[in-house]
Amino acid sequence: MAKVVSCKDVGMDCDFVAHGETEQDILEQCADHARTAHNMTEITAEFAEKVRAAIRDEAA
Ligand SMILES: [Zn+2]
């Protein structure tokens, strides 16, 4: 089942949504997005954990 996480889920005021087949896929998309859209130069383990916790199964 596809997984999804939105920037809002991690407390950002942003409409970005990452879709992926795996947590790793989504984490990579979020890292890219955080760097380019939020000027987050370093993806901390804490942030990655926050994203991981917010990932949910996509509604069909
Ligand atoms: Zn965002």
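Going by our numbering, the final residue of the sequence shown carries number 1184, and the count climbs one at a time with no gaps. Where a beta carbon is used, it is the ideal one built from N, C-alpha and C, also for glycine.
| Query | Result |
| --- | --- |
| Mind listing, in chain order, the residues whose beta carbon lies closer than 6 Å to a non-hydrogen atom of ligand 1? | Cys1131, Met1136, Cys1138, Phe1140, His1157, Ala1161 and His1162 |
| Report the CB separation of Met1164 from Ala1172 in whole angstroms; it is logged as a contact under 8 Å. | Not confirmed; about 11 Å, so no contact. |
| Quick one, are the C-beta atoms of Ala1178 and Val1129 less than 8 Å apart? | yes |
| Using the beta-carbon count (16 or more within 10 Å), is Ala1169 buried or exposed? | exposed |
| Assuming Gln1153 contacts Ala1161 under a Cβ cut-off of 8 Å, what Cβ separation, rounded to an integer in Å, is found between them? | Not confirmed; about 11 Å, so no contact. |
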